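Input: a single structure, listed below in structure tokens.
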Amino acid sequence: AAPLAASPSSFKVNEPLTPKEAVTTYNNFYEFGVNKEDPSQNAGAFKPTPWSVKIDGMVGKPKVFGLEELMKIKQEERTYRMRCVEGWSMVIPWIGFPLAALLDQVEPLGSAKYVSFETVVRPEEMPGQGGFFQPLPWPYIEGLRLDEARHPLTILATGLYGETLPNQNGAPIRLVVPWKYGFKSIKSIVRISLVEKQPETTWKNSNAREYGFYSNVNPAVDHPRWSQATEQRIGEGGFFGAKRRATLPFNGYADQVASLYQGLDLKANY
Amino acid sequence: MMALPALPRRYHAASIWSLYLLGLCPAAWYFYQAATGGLGFNPVKEFEHVIGIWALRLIIATLAVTPLRDLAGINWMRYRRALGLLAFYYVLIHFTVYLLLDLQLNFAAVGGDIIRRPYITIGFACLLLLIPLALTSNNWSIRRLSSGWSKLHKLIYLIAAGGALHYVLAVKSVTFVPFIHVALICLLLAYRPLRKPLMKWKRGSKPTGRQASSNA
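These protein sequences, in sequence, are chains A and B.
Counting from 169, one number per residue, gives the positions in the first sequence under the numbering used here.
Counting from 3, one number per residue, gives the positions in the second sequence under the numbering used here.
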């Protein structure tokens with residue numbers, strides 16, 4: 169990871185940051201293995217440069233963006249909460265830019281209703297994508313409603329803690345949607361498509377009863393197998409003093425995003 | 003079949019006590035790791051999980067004693083009680099960590115989990131079922147219960163199946179490590195109904211062979 173300059177922003181959670189070492193060694197990135205330490209241990213061979221992101225589908229100006237071009241968009245530092253569907257959370261100082269800024273450049277058509285995202289497939293660099301026992305089908309795919317994608321909180325992150333993204337955190341560019349469970353924030357993106365119908369998503373395909381398209385953080389809607397009412401903040405409390413804290417609706421971003429879901433039954437649309 | 007060189011009888015007791023000590027080593031090691039920051043940034047969960055996996059491994063070892071004797075001629079029957087009791091201790095540690103360090107004695111949450119979350123319901127039931135087995139894992143109980151003892155201890159099959167299910171239901175996706183543990187348990191359970199015909203066939207083809215005990 170190289171130093172990465174960014175301008176300060178007002179998007180800043182007023183809570184202690186999760187230590188950088190925790191942010192970069194406690195990861196879910198199944199392309200590098202299913203254990204928390206696997207991504208940091210197995211991502212050494214991954215080459216995040218050169219890189220390009222193809223934007224296609226229902227847009228006026230489809231285009232392949234080189235990473236350098238994306239880095240020219242104004243980079244901001246934003247400190248967000250991150251809540252994993254497994255019941256743990258972090259506070260991370262990301263660097264990135266609003267996804268909307270990129271979408272504006274390709275001019276989505278009026279018929280576009282959703283945005284789908286795709287992670288790179290490189291079994292030779294990503295050990296979790298090879299071998300005979302693979303937890304998920306590749307590529308990893310995710311999606312958002314267009315209004316969610318255009319929301320000012322939704323960013324494409326290119327760095328954290330003042331540096332470019334480490335491979336295990338989704339280098340060189342990943343999505344961050346802070347009011348949704350972490351798996352929505354797809355990593356190492358190579359393709360973004362504007363589409364008309366709700367796109368397929370990896371975890372929903374894998375187990376639709378447990379992982380919905382929306383996957384908004386919601387303490388009132390439990391995962392079928394575990395409660396979502398509380399969370400463990402990673403790096404706090406150690407072994408003897410770990411204290412679970414209450415999970416907030418929309419991960420504490422309800423004021424900004426609840427209006428997106430007016431009239432939507434959040435229990436049925438989990 | 004070739005048998006391993008037999009351990010002289012005078013070392014039997016010492017070898018069993020060594021097994022208890024050895025068996026508690028993973029728990030001690032991981033506890034030390036967790037307490038000193040060696041288990042990463044979510045040590046409670048990590049410790050809880052690793053102890054649960056060791057509990058399953060000890061159940062697997064317990065279930066493997068009989069087929070090992072039947073099929074490979076290795077008689078480790080004298081270690082079975084220690085393996086079973088160690089499994090019980092690990093399940094107990096697993097539950098204690100969940101109760102004490104994970105949920106911080108929030109009994110309402112524990113009760114809710116046990117009632118509403120099938121994998122916790124199953125795990126808790128396995129813990130309860132292990133208690134009578136642990137309490138009767140002594141010579142006095144074997145004499146006292148006579149044939150009832152074998153019947154009671156067949157519960158281990160149900161507990162092993164429950165433990166495997168508990169594991170599968172607790173993980174986000176069944177990857178290699180859970181698969182191997184669950185597959186071994188399935189294999190060892192599937193052996194049980196095959197055992198009688200197999201032993202009969204073995205006795206039939208080798209009339210001079212030693213009598214297999216009916217004690218599974």
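The beta carbon of each residue, even a glycine, is placed where N, CA and C say it ideally should be.
Since the model is a prediction, treat every value here as computed from it, not as a measurement.
Reference residue i; option with closest CA among the options
i               : options                           : result
A89 of chain B  : B:S17, B:L189 and B:I55           : B:I55
K215 of chain A : A:L270, A:N337, A:A280 and A:E293 : A:E293
A410 of chain A : B:V176, B:V99 and B:L103          : B:L103
P187 of chain A : A:M258, A:Q336, A:G201 and A:R377 : A:M258
G420 of chain A : A:K180, A:P176 and A:N203         : A:K180
L312 of chain A : A:G330, A:K365, A:T193 and A:T415 : A:K365
Y121 of chain B : A:F233, A:N335 and A:W394         : A:W394
A317 of chain A : A:I360, A:Y194 and A:Q336         : A:I360
A339 of chain A : A:R249, A:E183 and A:W219         : A:W219
M250 of chain A : A:E183, A:P291 and A:I241         : A:E183
Y329 of chain A : A:K435, A:K204, A:N375 and A:P261 : A:P261
P28 of chain B  : B:Y91, B:R83, B:Y13 and B:Y81     : B:Y91
I341 of chain A : A:F233, A:E205, A:E189 and A:L277 : A:F233
H96 of chain B  : B:T68, B:A30 and B:R83            : B:A30
Y159 of chain B : B:T68, B:R11 and B:L94            : B:T68
K352 of chain A : A:E286, A:G212, A:F301 and A:A173 : A:E286
F439 of chain A : B:L94, B:D115 and B:P180          : As shown, chain A starts at 169 and ends at 438. That puts residue 439 of chain A outside it, with no answer to give.
The beta strand (DSSP E) enclosing residue i, as first and last residue numbers
i               : result
T222 of chain A : First, the amino acid is wrong: residue 222 of chain A is Lys here, not Thr. Where K222 of chain A is concerned, the enclosing beta strand (DSSP E) stretches over S220 to G225.
Y121 of chain B : No beta strand (DSSP E) contains Y121 of chain B, which is instead part of the alpha helix (DSSP H) from P120 to L137.
Q400 of chain A : T398 to R401
L405 of chain A : For clarity, residue 405 of chain A is Gly in the given sequence; the question names Leu instead. Premise fails: G405 of chain A is in no beta strand (DSSP E) and is neither H nor E.
V259 of chain A : W256 to P266
R251 of chain A : E244 to R251
V93 of chain B  : Note, V93 of chain B: premise wrong, no beta strand (DSSP E); alpha helix (DSSP H) at R82 to V99.
K231 of chain A : K231 to G234
P176 of chain A : S175 to K180
Range covered by the alpha helix (DSSP H) that runs through residue i
i               : result
Q35 of chain B  : H14 to A37
L200 of chain B : F178 to S207
T64 of chain B  : P45 to A74
V191 of chain A : K188 to T193
T415 of chain A : Run containing T415 of chain A: none; DSSP gives neither H nor E here.
S149 of chain B : S149 to H155
V425 of chain A : A422 to V425
CB contact flag (residue i, residue j, <7 angstroms)
i               : j               : result
L321 of chain A : Q209 of chain A : no
E244 of chain A : S175 of chain A : yes
L85 of chain B  : L60 of chain B  : yes
V274 of chain A : V344 of chain A : no
V184 of chain B : V173 of chain B : no
V358 of chain A : V288 of chain A : yes
I263 of chain A : T326 of chain A : yes
L70 of chain B  : I62 of chain B  : no
H168 of chain B : I124 of chain B : yes
L131 of chain B : L107 of chain B : no
L200 of chain B : L65 of chain B  : no
V52 of chain B  : Y32 of chain B  : yes
I354 of chain A : E310 of chain A : yes
F43 of chain B  : V99 of chain B  : no
W151 of chain B : I161 of chain B : no
T398 of chain A : A414 of chain A : yes
Y349 of chain A : V253 of chain A : yes
A166 of chain B : I187 of chain B : yes
D315 of chain A : L428 of chain A : yes
V363 of chain A : G225 of chain A : yes
S139 of chain B : R83 of chain B  : yes
A37 of chain B  : F407 of chain A : yes
Beta-carbon separation (whole angstroms), residue i vs residue j, contact threshold 8 angstroms
i               : j               : result
L324 of chain A : L267 of chain A : 5 angstroms
F197 of chain A : Q336 of chain A : 6 angstroms
F381 of chain A : T369 of chain A : 6 angstroms
F200 of chain A : P307 of chain A : Contact doesn't hold; Cβ gap of about 14 angstroms is too wide.
G164 of chain B : A192 of chain B : Not confirmed; about 16 angstroms, so no contact.
S175 of chain B : L304 of chain A : 7 angstroms
L9 of chain B   : S17 of chain B  : 6 angstroms
W347 of chain A : F265 of chain A : That belief does not hold up - the Cβ atoms of W347 of chain A and F265 of chain A are roughly 18 angstroms apart, past 8 angstroms.
Distance cut-off 6 angstroms: residue i Cβ against heavy atoms of the ligand ZN
i               : result
R118 of chain B : As for the ligand ZN, it is missing from this structure, which has no ligand bound.
Chain-ordered chain E contacts of residue i [CB-CB under 7 angstroms]
i              : result
V46 of chain B : The structure shown contains no chain E; the protein chains it does contain are A and B.
Contiguous alpha helix (DSSP H) assignments of at least 4 residues, all confined to the segment 274–334 of chain A: Correct list: 314–318.
Could you give the uninterrupted runs of the beta strand (DSSP E) lying entirely in the segment 332–382 of chain A, keeping only those of 3 residues or more? Those beta strand (DSSP E) runs which fall completely within the segment 332–382 of chain A and span 3+ residues are 342–344 and 357–363.
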